[in-house]
Each structure stands twice: as structure tokens, then as C-alpha cells.
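S.K.: I'd like to ask some things about the structure below.
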Amino acid sequence: MSIATHRLHNQRLVGAPLDSPEAVVRWLGAVQAQDYHGAKWALALRSRGAHDAALDRAFDAGRFLRTHVMRPTWHFVAPEDLRWLLALTGPRVHAANARRYRQLELDEPLLRRAHALFTKALQGGRSLTRQGLADVLEAGGIAAREQRLAYVVMHAELDALLCSGPVRGKQHTYVLLDERVPPAPALARDEALATLARRYFRSHGPATAHDFAWWSGLTVSDARQGAELAGADLERVAVDGKTYWTAAPSAAVEVHRPVVHLLPNYDEHVVAYRDHGHTLDPAAAVAWRTRAGEPPGTHLLARDGLVVGRWRRTLGRASAAVTVDLLVALGRAERAALARAAEAYGSFIGLPVGLNGS
398 MSIATHRLHN
408 QRLVGAPLDS
418 PEAVVRWLGA
428 VQAQDYHGAK
438 WALALRSRGA
448 HDAALDRAFD
458 AGRFLRTHVM
468 RPTWHFVAPE
478 DLRWLLALTG
488 PRVHAANARR
498 YRQLELDEPL
508 LRRAHALFTK
518 ALQGGRSLTR
528 QGLADVLEAG
538 GIAAREQRLA
548 YVVMHAELDA
558 LLCSGPVRGK
568 QHTYVLLDER
578 VPPAPALARD
588 EALATLARRY
598 FRSHGPATAH
608 DFAWWSGLTV
618 SDARQGAELA
628 GADLERVAVD
638 GKTYWTAAPS
648 AAVEVHRPVV
658 HLLPNYDEHV
668 VAYRDHGHTL
678 DPAAAVAWRT
688 RAGEPPGTHL
698 LARDGLVVGR
708 WRRTLGRASA
718 AVTVDLLVAL
728 GRAERAALAR
738 AAEAYGSFIG
748 LPVGLNGS
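So in the numbering used here the end of the sequence shown lands on 755, straight run, no missing numbers.
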């Protein structure tokens, strides 16, 4: 089994695209999104005819949300999944943040006061930027700037009080979750574990329990339990002495090579795994080690599912440039595939794109 090939297919980076960006969010379970613009491109890569402005409109309408869930970072989440995901993973993120809460002197009474202030300021469908939330806290006698503010707001998100509202100019806003997200039945913990395991291994598999634990923020024990609870929906596959799970049945997958992707930073194809052995091209890995510890960079370039370089964009008023930094040489057919990937990115942002460095 080629794990990279199966992941390309299950991640919907090849084959039939999904019908909408929110369908991508539901399929993947959650999409890491601390870089809002990069995360939109991740959705567009997997959906049919998605354009940057259309994704902004879908986000502003609340068709998918951006909040802290699972690990201590932002993710895109489907509204109908947010409550049970927070109930399952929120306590783990709070535990990971506990030391920082203490360092910032954020005790339970103060955080409850902050929650009450947020509720009063936002009720009735109002939205506030992060600066607006800071002003609310300051007016209520709570000093909250920089890291202190970030952790107070994250705490409110993890407690299902706040979630993302529409973007105002270039500023993200916050609203009351109960006014943005329709009520939904609670899931028992075992049902939530099984549901998340099905979503992850169906869309990210083949992957290990350690991969699932890293992605979800749960323990490895919980990850294994979730895979077992998913039952016949998942299939175990042994590769090089390791146990991987994927959707059952695991059918043969073909990819018309070469296929090149300009992946955004934190794309699920890369960031969703603890072990990157099936993500990084071996020759590229050797080349990276010779760069004296230079980090891989942000946006990653993948050939046939394996990272072989990185890329960056430069936006102008009437055009854009994509500059690639390759760690391995590309053949003629691969360069043509790269040109098609750059053209697709240009279509997404609505600008003609020139390609440099290939």
C-alpha cells in the first residue's frame, strides 16, 4: 500500500472534489486555521469551483466557524459539530493551558467575570473584534492585553461561550456561540470518540493511533479506543510493522501522476500526522538536513503527495507571483503540473499568476 497515495485520495486532494467548502470541513472533521487565508486555500483545493471571495461570504454567513478546539490553536469546524467536539476535546486543551493560566493569574473567579462581561456585551446578535473584547474587559476592571487577552478569549471559546463572527474589514470578530450555532443533541463520550475516529481515519487515513492523538489532542489510549469503537467502519492495515487505520473497505487507489499541489501552511495533508515519514520525499529530507537547520518554511510544495519544496506568493494590484524553492529537480511533466497548480491558485485569488523558480 502506498500511504501517500491513499492519503491524497482520502484527503480529497485528487479525485472528485467536494461540493462546497463547508462539505470539506465536515469531511475532514476540523481544519487547522490559525492562518485564515491559508486555511481557505486548503478548503478550495478540495472543493469544486471555490474562490477566495466566495469562501469569505460562506464564513461570514456562519456556514463554517473558526474557533479553538482540539489542540490550542484555531480550527475551522462545522457548526453542527462544534458543541460535541468542544465537550470531547475542550477539557484536554484547558489542561494543556493550565500552567499558562496560572502564570497569567487567570483564576476561575476572574474567568467567570470575563465570561459575564462578554455575555452582556455581545447578547442580541452583536459582534466585537478582539480589541473590542479587550475594551470590554478593561471597562469591567480586568486587565487583558496581549497574551492575557488571548488566553481569556480562548478560555471562553473552549467553554462554548464565544465563536467566530463575520470578518469586519480585515479584523475577525467574536459572537456568542449560542446565538450563532443552533442547539444540537449532546453525544455520549464513547459516541463522540467513535464519531471523531471515523471522521479522522476516513479523511486522513491510513494513519496511526499516535497520528490521531496528535491531531485531536486526545491521549493515545483515547485514540485507540475511538478506533475500536468505530468498529466495522474502519479497517486495520499493517505497514512496516505498524498498525494503520483507514476507512473500510480499503480499496485500491490510483493517482494519475505526476500531480503537484501548492499546499498552504498547516495543511491537513501535512500537519495532521505525528509521523511525517509518509509526507516528506526522502531526497527532499536529505536536502533539508544539509541546510544547517533551516526550517521547512510555511507553504509547502508536494509532488505525488510528498513534500519536495516550498512556495510563497507575492500579491500585486493586477497580478500575483508564486515563487518556488525546490529541494529536488522536477522533470518536464512535473513542471507542467506545477504550472497548472499555480494557475489554479490564480483562479482562486482572481489574479493571473506568474511562476518563478521552477
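No residue lacks a Cβ here, since even glycine has one placed at the ideal position from N, Cα and C. These numbers come from a predicted model, not from an experiment.
1) In whole angstroms, give me the CA-to-CA distance for G694 and W642.
2) Hey, L555 and L573 are a contact pair by Cβ (cut 8 angstroms); roughly how many whole angstroms apart?
3) Based on DSSP bridge pairs, tell me the residues matched to G706.
4) Could you tell me which of D637, P655 and L631 sits nearest to P646, measuring between CA atoms?
5) Check the C-beta distance from E665 over to Q408 and give it rounded, since I have them as a contact under 8 angstroms.
6) Any idea which residues DSSP pairs Q568 with across the strands?
7) Strictly by DSSP, which residues pair up with Q429?
8) Would the segment 737-748 count as touching the segment 441-451 if we require 3 or more Cβ pairs under 8 angstroms?
9) Just to confirm my understanding: we take N662, look at its own chain, exclude 5 residues before and 5 after, and list those with CB closer than 6 angstroms. What are they?
10) Contact check, L462 vs L452 under 8 angstroms by CB: the rounded distance?
11) Measuring alpha carbon to alpha carbon, tell me which of A644, L626 and G623 ends up nearest R633.
12) On the DSSP bridge list, what partners appear for D604?
13) In chain order, what residues of the same chain have a beta carbon less than 6 angstroms from the beta carbon of Q353, not counting five sequence neighbours either side?
14) Mind reading off the beta-carbon distance from V411 to V656? Whole number of angstroms is fine, and I expect it under 8 angstroms.
15) Say whether the segment 488-495 touches the segment 506-517, bearing in mind that this needs 3 or more beta-carbon pairs closer than 8 angstroms, one atom from each stretch.
16) In angstroms, rounded to a whole number, what distance separates the CA positions of R700 and Y498?
17) So the beta strand (DSSP E) N753 belongs to, where does it begin and stop?
18) How many angstroms separate the CA atom of T402 from the CA atom of L590?
19) Would you kindly report the start and end of the unbroken beta strand (DSSP E) that includes T464?
20) Roughly how far, in whole angstroms, is the beta-carbon of T780 from the beta-carbon of T605, given that I think they are within contact range, below 8 angstroms?
21) Where does V533 sit, in a helix, a strand or coil, going by DSSP?
22) Whole angstroms is fine: what's the gap from A495's alpha carbon to A726's?
23) So what's S399 in DSSP terms, helix, strand or just coil?
24) Classify G623: buried if its beta carbon has 16 or more other beta carbons within 10 angstroms, exposed otherwise.
25) Helix, strand or coil for A627? Go by DSSP, reduced to three states.
26) CB-CB under 6 angstroms to S524, same chain, minus the five flanking residues each way: which ones, in chain order?
27) Drop a sphere of 10 angstroms on the beta-carbon of D672, count the other beta-carbons inside from all chains shown, and report buried for 16 or more, exposed for fewer.
28) For S444, name the three-state secondary structure that DSSP assigns.
29) What is the rounded straight-line gap between the Cα of L390 and the Cα of R542?
30) Using a Cβ-Cβ cutoff of less than 6 angstroms, which residues in the same chain neighbour V719 once the five nearest sequence positions on both sides are dropped?
31) Return helix, strand or coil for E632, following the three-state DSSP convention.
32) Within the same chain, show all residues whose beta-carbon is closer than 6 angstroms to that of L485, passing over the 5 residues directly before and after it, in chain order.
33) Taking only three categories from DSSP, how would you classify V683?
34) Looking only at its own chain, which residues have a Cβ that is under 6 angstroms from the Cβ of P603, when we skip the five neighbours before and after it?
35) What's the C-alpha gap between G638 and G522?
36) Quick one: what does DSSP say E691 is sitting in, helix, strand or coil?
M.R.: Reading from the atomic positions:
1) Low local confidence applies: a pLDDT of 48 at G694 is under 50, so the model's placement there is unreliable, with the coordinate-based value given in what follows. Answer to the nearest angstrom: the Cα atoms are 29 angstroms apart.
2) Rounded, the Cβ-Cβ distance is 15 angstroms, inconsistent with contact.
3) L698 and L723
4) L631
5) 6 angstroms
6) R565
7) H472
8) yes
9) D432, G435, T695 and H696
10) That pair is no contact at about 13 angstroms.
11) A644
12) The question names Asp, but residue 604 is Ala in the sequence shown. For A604, which the question treats as bridged, DSSP gives the partners W642.
13) Absent from the model: residue 353. The displayed extent of the chain is 398 to 755, so no value can be given.
14) 6 angstroms
15) no
16) 42 angstroms
17) V750 to N753
18) 27 angstroms
19) L462 to H465
20) The chain is shown from 398 up to 755; residue 780 falls before or after that span and cannot be answered.
21) helix
22) 47 angstroms
23) coil
24) buried
25) coil
26) G562, T570 and V572
27) exposed
28) strand
29) Because residue 390 is not part of the residues shown, which for the chain are 398 to 755, the question remains open.
30) W708, R710, A739, V750 and L752
31) strand
32) A589
33) helix
34) I400, H403, V634, Y641 and T643
35) 54 angstroms
36) Note on E691: pLDDT 49, under 50, position unreliable in the model; the coordinate value appears next. Coil at E691, not helix or strand.
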